[in-house]
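**Q** Encoded as structure tokens, here's the structure I'll be asking about.
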Amino acid sequence: MSDKLLVVGEVRDNEIRNVSFEAIAAAKQIDSEAEIVGVLCGDNDLTSAGNDLITYGADSVITVTHDNLKTYTSEGYGQALLEVIDELSPKGIVMGHTAIGKDLTPKIASRLSAGLISDVVAIEKEGDENVFIRPIYSGKAFEKKTFEDDFIFVTVRPNNIAVLEKDDSRSGEVRTKDVDIKDLRTIVKDVVRKAADGVDLAEANVIVAGGRGVKSADGFKPLYELADVLGGAVGASRGACDADYCDYALQIGQTGKVVTPDLYIAVGISGAIQHLAGMSNSKVIVAINKDAESNIFNVADYGIVGDLFEIIPLLIEEIKKVKE
Numbered sequence: 078m079s080d081k082l083l084v085v086g087e088v089r090d091n092e093i094r095n096v097s098f099e100a101i102a103a104a105k106q107i108d109s110e111a112e113i114v115g116v117l118c119g120d121n122d123l124t125s126a127g128n129d130l131i132t133y134g135a136d137s138v139i140t141v142t143h144d145n146l147k148t149y150t151s152e153g154y155g156q157a158l159l160e161v162i163d164e165l166s167p168k169g170i171v172m173g174h175t176a177i178g179k180d181l182t183p184k185i186a187s188r189l190s191a192g193l194i195s196d197v198v199a200i201e202k203e204g205d206e207n208v209f210i211r212p213i214y215s216g217k218a219f220e221k222k223t224f225e226d227d228f229i230f231v232t233v234r235p236n237n238i239a240v241l242e243k244d245d246s247r248s249g250e251v252r253t254k255d256v257d258i259k260d261l262r263t264i265v266k267d268v269v270r271k272a273a274d275g276v277d278l279a280e281a282n283v284i285v286a287g288g289r290g291v292k293s294a295d296g297f298k299p300l301y302e303l304a305d306v307l308g309g310a311v312g313a314s315r316g317a318c319d320a321d322y323c324d325y326a327l328q329i330g331q332t333g334k335v336v337t338p339d340l341y342i343a344v345g346i347s348g349a350i351q352h353l354a355g356m357s358n359s360k361v362i363v364a365i366n367k368d369a370e371s372n373i374f375n376v377a378d379y380g381i382v383g384d385l386f387e388i389i390p391l392l393i394e395e396i397k398k399v400k401e
């Protein structure tokens, strides 16, 4: 086992996902003396993305490019990552707790006969031992976990571990590793994205979420405008998705996405426990609801009781004034 820590980065639309930089910061917390090696997979030249990883703390980067890595499959990415692991024999692996991370890491852990601690939101030190903190019971409590052996394998929840300061003066090797990705049982022919373009919901620092109180698909339009003014993303409760006000890709909650933005604005959301499970750990929560008895106010830092269709336009107007 070497003194290297692998950080598996993710590239979407030729841009590094922010959680990849957070994973580097997590690796530095695990062992500040270890060599941090980034790993990127795709079907085209990833040199630029590799250099981005280095400016945020990686010491070197290995890219694996192949036509069969154009779109994520657990088989394809699994083959690529296992080849890199076999070459480097790292002391640990860190990856974002994303859709890809949640799918890929159990497969790798099983192949390595290694333990896996997923959805880590903080890392503490107890002597020389790393202690990983993760939420349980839909965020109502937190548990502390450690590894029994020396190999560390974790996924980190987006927006919880602060990114290291970018340093454009850092340099490191970005090299390509040839891996023959073959015998895939699953081939993705096409990807149809139903979610709106813009800020990634899982990584957004500001989220404006609508519930049944928004009343219609048209009712979501002011929410998109508010999110645009704030540089954020739009989310939704399951009730809004079930009512066909928006696509299920926007769903936040126990059966949707779990988010932890700096600012969460809940608009027309009652605050069902299933929804709270997906957003209650947000840094600041603002609730807007005409029902003063709504449960959402019990978790909100700030509450506005009133008609959202009157309040949202006023908010947009005032925010634009401040920004000007």
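Residue numbers (my numbering): 78 to 401. We treat Cβ as the ideally placed atom computed from N, Cα and C, and that holds for glycine. Since we're looking at a predicted model, the values are computed, not measured.
Starting from residue 356, trace the alpha helix (DSSP H) both ways and give me its first and last residue.
**A** Looking at the DSSP string, the run of the alpha helix (DSSP H) that includes residue 356 is 350-356.
**Q** Over the uninterrupted beta strand (DSSP E) stretch that includes residue 220, give me the two end residues.
**A** Residue 220 -> beta strand (DSSP E) spans 218-222.
**Q** Could you give the distance in angstroms between the alpha-carbon of residue 318 and the alpha-carbon of residue 371?
**A** Each residue's Cα considered, the two are about 19 Å apart.
**Q** With DSSP run on the structure shown, which of helix, strand or coil describes residue 402?
**A** In the structure as shown, the chain starts at 78 and stops at 401, and residue 402 therefore has no counterpart that could be examined.
**Q** Look at the alpha carbon of residue 296 and the alpha carbon of residue 151, and state the distance between them as a whole number of angstroms.
**A** In a straight line, the C-alpha of residue 296 is about 38 Å away from that of residue 151.
**Q** Is residue 280 near residue 95, with beta carbons less than 8 Å apart?
**A** Cβ distance < 8 Å, so residue 280 and residue 95 count as in contact.
**Q** For residue 194 versus residue 240, is the C-beta distance shorter than 8 Å?
**A** Taking 8 Å as the Cβ cut-off, residue 194 and residue 240 do not qualify as a contacting pair.
**Q** Would you mind working out which of 149, 399, 93, 126 sits nearest residue 266, comparing C-alpha positions?
**A** Nearest option by C-alpha distance: 149.
**Q** If I measure Cβ to Cβ from residue 396 and keep anything under 8 Å in the same chain, skipping five residues before and after, which residues do I get?
**A** Closer than 8 Å at Cβ, skipping near neighbours: 303, 306, 307.
**Q** For residue 386, collect the residues of the same chain with a Cβ closer than 8 Å to its Cβ; drop the 5 residues on either side in sequence, then sort them by chain order.
**A** So the list reads 296, 299, once near-sequence residues are dropped.
**Q** Anyone know if the C-beta pair for residue 200 and residue 107 falls short of 8 Å?
**A** Yes, Cβ-Cβ distance for residue 200 and residue 107 is below 8 Å.
**Q** Classify residue 72: buried if its beta carbon has 16 or more other beta carbons within 10 angstroms, exposed otherwise.
**A** In the structure as shown, the chain begins at 78 and stops at 401. Residue 72 is therefore absent and cannot be evaluated.
**Q** With a threshold of 8 Å, are at least 3 pairs of Cβ atoms found where one atom belongs to the region 342-358 and the other to the region 280-295?
**A** These segments touch.
**Q** Using a Cβ-Cβ cut-off of 8 Å (strictly less than) and excluding sequence neighbours within five positions of residue 268, which residues of its own chain qualify?
**A** Cβ within range, chain order: 148.
**Q** Mind checking residue 390: buried by the 16 CB within 10 Å criterion, or exposed?
**A** By the neighbour-count rule (16 or more Cβ atoms within 10 Å), residue 390 is not buried but exposed.
**Q** Would the beta-carbon of residue 205 fall within 8 Å of that of residue 132?
**A** Result no, Cβ atoms of residue 205 and residue 132 do not sit closer than 8 Å.
**Q** Quick check: the Cα distance between residue 219 and residue 374, rounded to an integer number of angstroms?
**A** If I take the Cα positions, the gap works out to 23 Å.
**Q** Sort 339, 338, 170 by Cα distance to residue 227 and report the nearest one.
**A** For residue 227, the nearest C-alpha among the options comes from 170.
**Q** How is the alpha helix (DSSP H) around residue 125 delimited, first residue to last?
**A** Start and end: 124-132.
**Q** With a 10 Å radius around its C-beta and 16 neighbouring C-beta atoms as the bar for buried, classify residue 213 as buried or exposed.
**A** Classification of residue 213: exposed, given that the 10 Å Cβ count is below 16.
**Q** Decide if residue 116 is buried, meaning its Cβ has at least 16 other Cβ atoms within 10 Å, or exposed.
**A** With 16 or more other Cβ atoms within 10 Å, it is buried.
**Q** Quick check on the DSSP output: the alpha helix (DSSP H) that includes residue 182 runs from which residue to which?
**A** From DSSP, the alpha helix (DSSP H) with residue 182 extends over 176-189.
**Q** Excluding the five sequence neighbours on either side, which residues of its own chain have a C-beta within less than 6 Å of the C-beta of residue 104, listed in chain order?
**A** Once the five neighbours on either side are set aside, the close Cβ partners of residue 104 are 82, 84, 113, 171.
**Q** Taking the alpha-carbon positions, what's the residue 394 to residue 364 distance?
**A** Near 18 Å, if we compare the C-alpha coordinates of residue 364 and residue 394.
**Q** Would you mind listing the alpha helix (DSSP H) stretches within the region 325-381 that are 4+ residues and don't spill past its ends, in chain order?
**A** Listed in chain order, they are 350-356.
**Q** Using the C-alpha atoms, what's the distance from residue 234 back to residue 198?
**A** Straight-line Cα distance between these residues: approximately 6 Å.
**Q** Classify residue 312 as buried or exposed, calling it buried when 16 or more other Cβ atoms lie within 10 Å of its own Cβ.
**A** Classification for residue 312: buried.
**Q** Label residue 129 either buried or exposed according to how many other C-beta atoms from any shown protein chain fall within 10 Å of its C-beta, with 16 as the threshold for buried.
**A** Its Cβ being crowded by 16 or more others within 10 Å, residue 129 is buried.
**Q** How many Å lie between residue 359 and residue 178 at the Cα?
**A** Looking at the two C-alpha atoms, the distance is approximately 21 Å.
**Q** For residue 207, does the three-state DSSP call read helix, strand or coil?
**A** Three-state DSSP puts residue 207 in a strand.
**Q** Could you tell me whether the Cβ atoms of residue 99 and residue 173 are closer together than 8 Å?
**A** Yes, the Cβ-Cβ distance between residue 99 and residue 173 is below 8 Å.
**Q** Measuring alpha carbon to alpha carbon, tell me which residue in 381, 377, 315, 356 is nearest residue 237.
**A** Comparing Cα positions, the closest option is 356.
**Q** Taking C-alpha atoms, which residue in 210, 384, 341 lies nearest to residue 377?
**A** Comparing Cα positions, the closest option is 341.
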